[in-house]
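Note that this note's numbering has the sequence shown beginning at 41, numbered continuously upward.
Using N, Cα and C, we set each Cβ at its ideal position, and we do this for glycine too.
Because the structure is a prediction, the values reported are computed rather than measured.
Working notes, structure below.
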Amino acid sequence: MYTSIEYVIVHKVNIYEVNRFGHKWYTQTLIFKLPEDKKRLFSYHVTNKIDISHLNKGDKVMLNLHVFGRGRSTYFKPEFCVDGILLIE
41 MYTSIEYVIV HKVNIYEVNR FGHKWYTQTL IFKLPEDKKR LFSYHVTNKI DISHLNKGDK
101 VMLNLHVFGR GRSTYFKPEF CVDGILLIE
């Protein structure tokens with residue numbers, strides 16, 4: 041299932057590179073704030089097909105989210121992965 045958020049404000053971009061078995065593995069995390077909630081920060085994993093290294097603090101972006109779940113019917117935990125980013129000027 042997919043959904044989108046109109047816009048969020050970028051707080052920090054984390055990109056980690058690990059060299060495992062001769063291959064470079066990247067992990068990207070986007071930390072952002074919602075416009076109506078100034079105190080809480082949210083962090084989502086970003087797929088490697090999207091380059092987020094150009095994003096700066098304070099940029100407004102629209103997120104396309106891939107929603108999936110983990111757990112069983114008694115304990116179902118929805119999780120999100122960023123599948124698309126659009127920079128809003």
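**OP:** For Val48, count neighbouring C-beta atoms within 10 Å of its own C-beta (all shown protein chains included) and say buried if the count is 16 or more, exposed if not.
**Re:** buried
Original post:
What distance in whole Å lies between the Cβ atoms of Ile92 and Ile71, which are believed to be in contact at a cut-off of 8 Å?
Top reply: Rounded, the Cβ-Cβ distance is 11 Å, inconsistent with contact.
Subject >> CB-CB length for Phe120 against Val107, believed under 8 Å >> reply: 6 Å
Original post:
What are the boundary residues of the beta strand (DSSP E) that Asp99 is part of?
Top reply: It is not in any beta strand (DSSP E) - Asp99 carries neither H nor E in the DSSP assignment.
**OP:** Measure the beta-carbon distance from Val122 to Leu95 and round it to whole angstroms, keeping in mind my assumption that it falls under 8 Å.
**Re:** 11 Å between Cβ atoms; not a contact.
**OP:** Return the CA-CA distance between Lys97 and Val86, expressed in angstroms with no decimal places.
**Re:** 16 Å
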